[in-house]
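In what follows, a structure is listed as structure tokens, so that the remarks can point back to it.
Numbering (this note's numbering), first residue to last: 2 to 657.
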């Protein structure tokens, strides 16, 4: 019992030590907190400018008051907070650990026996707190802000419609009028090639106005639009009283050089009714999305059942009618089996034409009815799908805060660069990747081109493995962004090699042993000659021996090892000829000409996969031909250097 109590106390003490707040946690949290606040406002500003650029045409030139603009920016900022939080976490965590790595603070932390995950501990807790904050915003504040913002945008689009009239398209934004403008001058505000259809009442009150140019301006009270027209004609039907039968409607034609028209329009800014936004899933929280989705599902299920029952009644009615059908009666009079073709053939020409016309009419009616029903049901499916996507997107966006932390913090510990240079570049690249994947997945899921789980899981499926990979590399101090490592892998994969460079030394402590090196080079030349005679490197190797019966080539490894020792010793030479010819010796691959992989099972698998095995086989044959050229180069350079060593030995009186 005493040992059990001691064990419990030790366990509780260990848990307390592990989870208590330490000075290091406070230090890292302060560093992160200050950067997070700054980067959050920067990210918020960038996202607001990006959002504002989309709706700049709606805001500019509408005469909106400052309180309306302030309200617009306020709701826009609240709506974009959940999107700014992940980017701010990514950037601030990257800069925090980049600064600590650059100032060697991270090295000191690791030297003290504190792992990188322990250093992450306080920021993980902060990131989780930010995740819940993002969920709160998206569930309560964000939907309300989105609703108000969409209502304001709808109202702004209806203010000052003279700026909304497009070129080459009929514009119906002004009540009881349809305006066509061929060309518009934005500098002077003039409109050219104007055609106006006025529909103030019934057909008898219609008017068509043509003008070469004109201007459209709002009145001071914003209740009407004053249109000034130049060089045009006015065609208008006169009001007819009790027109009889097919009597034509009288009209008048007027030509003018200048004319003013007053159009009724309320241009004051007012908040539109938000009933039209009831199906906007972004303006709803979790509870409302669940409730409305169930309500919409029940509503469209009832519509579907009504359509189904209607079709059942139609089928029953057709069966009843078919029993009394004259065509069927005529066919049954002569045969016990109903045959449409034979019954149709017995009809007269007029009856056939009538039957075909009736059938076509029934088909068109049925097709139109089915198209309408399909439109109704597909619209319901689209709304339900939007609610489901928005529900999962809120959770996904909140969890992105934590995922971005496990991308940014390890990257900062790896690259060890602080400031706003490289961290900003990496953050922008990661966020662009996330933005493209997330928007592509949501768009494809909304259009039912992808399944829901695939579209919404595309971005997490890419980012979570990235976070795991970077965290693993950072905790194990692995090299990730060393360009030389990737260059070497690419060079080895493509079969490229670097050239040997031997420079003449300014200070030489030990002179080379020319006598020993001479005999070694002569021996290497003999081994090269013997190897070339034994191995016919020009011919293609045996497929079975390459992939299934691998035998190591120790001869080439031995030749290359002896050659490297001689080159290292002769690099101390003062003779320029020897130094220059040492750089000609190739850097050899001593294993690539024997088999594709080190492991036997990989060779067998690649042999079974014929396309891959053939590529590897041709690559290995290439290495054999290159080895042949290398051996010839070695022998030629050995002859040159040994001849030079003989001259040096004769000059210095050495015995070879």
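Note that CB positions come from ideal geometry on N, CA and C, so glycine has one too.
Should residue 41 and residue 140 be called a contact, given that it needs their Cβ atoms to be closer than 7 Å? no
Residue 471, buried or exposed, once every other Cβ within 10 Å from all chains shown has been counted against 16: buried
My guess is that residue 456 and residue 445 are in contact by the Cβ rule of under 8 Å, so how many angstroms apart are they, rounded? 5 Å
Which residues in the same chain have their Cβ closer than 7 Å to the Cβ of residue 427, if we skip the five residues on either side of it in sequence? 95 and 412
For the alpha helix (DSSP H) containing residue 40, list its first residue and its last residue. 24 to 55
Given 8 Å as the limit, is there contact between the stretch 73 to 89 and the stretch 142 to 157, that is, 3 or more CB pairs closer than that? yes
Beta carbon of residue 179, beta carbon of residue 173: below 7 Å? yes
By how many angstroms is the C-alpha of residue 491 removed from the C-alpha of residue 535? 33 Å
By the 10 Å Cβ neighbour count, where 16 or more other Cβ atoms means buried, how is residue 144 classified, buried or exposed? buried
Would residue 528 be called buried (16 or more neighbouring beta carbons within 10 Å of its own) or exposed? buried
Pairwise C-alpha distance: residue 569 and residue 514: 11 Å
Can you list, in chain order, the residues of its chain with a C-beta nearer than 7 Å to that of residue 499? Leave out the 5 residues immediately preceding and following it. 588
How long is the line joining the alpha carbons of residue 530 and residue 607, rounded to whole angstroms? 33 Å
Would you mind sorting residue 406 into buried or exposed? The rule is 16 or more other CB atoms within 10 Å of its CB. buried
Between which two residues does the beta strand (DSSP E) carrying residue 211 extend? 208 to 219
Distance check for residue 293 and residue 281, CA to CA, integer angstroms please. 11 Å
Nearest to residue 616 by alpha carbon, out of 544, 128, 82 and 592? 544
Give the list of continuous alpha helix (DSSP H) stretches no shorter than 4 residues that lie fully inside the stretch 557 to 610. 577 to 583 and 601 to 609
For residue 305, does the three-state DSSP call read helix, strand or coil? helix
Any idea if residue 594 is buried or exposed, counting beta-carbon neighbours within 10 angstroms, 16 or more meaning buried? buried
First and last residue of the alpha helix (DSSP H) that includes residue 418? It is not in any alpha helix (DSSP H) - residue 418 carries neither H nor E in the DSSP assignment.
Less than 7 Å between the beta carbons of residue 381 and residue 308, yes or no? no
Residue 540 versus residue 601: straight-line alpha-carbon distance, rounded: 23 Å
Expressed to the nearest angstrom, what Euclidean distance is found between the alpha-carbon atoms of residue 443 and residue 390? 7 Å
Kindly examine the ligand MN and report whether one of its heavy atoms sits closer than 6 Å to the Cβ of residue 301. The model on display carries no ligand, and the ligand MN is accordingly not part of it.
In angstroms with no decimal places, state the Cα-to-Cα distance between residue 90 and residue 299. 41 Å
Sequence-distant residues of the same chain with beta carbon closer than 8 Å to residue 130, five excluded per side: none
Run through DSSP, which three-state label would residue 126 get? helix
Our contact map puts residue 378 next to residue 305 with C-beta atoms below 8 Å; I'd like the distance itself, whole angstroms only. 6 Å
Am I right that residue 521 and residue 585 are in contact with their C-beta atoms under 8 Å? What's the rounded C-beta distance? Actually they are not in contact, since the Cβ atoms of residue 521 and residue 585 sit about 17 Å apart, beyond 8 Å.
Using 8 Å as the threshold, is the stretch 617 to 627 in touch with the stretch 557 to 566, meaning 3 or more CB pairs across them? no
For residue 431, I'd like the list of residues in its chain whose CB is within less than 7 Å of its CB, leaving aside the five on either flank, ordered along the chain. 91 and 408
Could you check if residue 54 is buried or exposed, using at least 16 other CB atoms within 10 Å of its CB as the buried criterion? exposed
Buried or exposed: which applies to residue 517, given that a residue is buried once 16 or more other Cβ atoms fall within 10 Å of its Cβ? exposed
With distances taken Cα to Cα, identify the nearest neighbour of residue 258 among 38, 26, 82 and 210. 210
Rounded to the nearest angstrom, what separates residue 291 and residue 128 at their Cα positions? 27 Å
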